[in-house]
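Be aware that the sequence shown starts at 894, since it is given in our numbering, and climbs by one per residue. See structure below.
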Amino acid sequence: MAKQKQPNILIIWGDDIGITNLSCYSDGLMGYRTPNIDRIANEGMRF
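See the structure below:
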């Protein structure tokens with residue numbers, strides 16, 4: 894029986910951060926750039 898791979902789940906929780914502060918949601922239109930969070934979001938799923 895093959896061992897099933899466990900999913901990786903990452904939750905990023907920040908104080909006083911809105912959805913427009915992350916460039917993966919606002920495409921940088923608000924002037925914020927978050928390239929590392931963008932890379933994680935592009936490689937996985939966003940909710």
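Glycine included, each C-beta is placed from N, C-alpha and C at the ideal position.
In the DSSP assignment, aspartate 931 falls within the alpha helix (DSSP H) that extends over 928-936. In the DSSP annotation of this structure, the continuous segment of the alpha helix (DSSP H) that includes tyrosine 918 starts and ends at 916-919. About 5 Å separates the CB atoms of asparagine 914 and tyrosine 925; that is less than 8 Å, so the two are in contact. Considering only Trp906, Ile930, Leu903, Ala895, the residue with the shortest C-alpha distance to serine 916 is Ile930. Pairing glutamine 899 with methionine 938, the inter-Cα distance amounts to about 16 Å.
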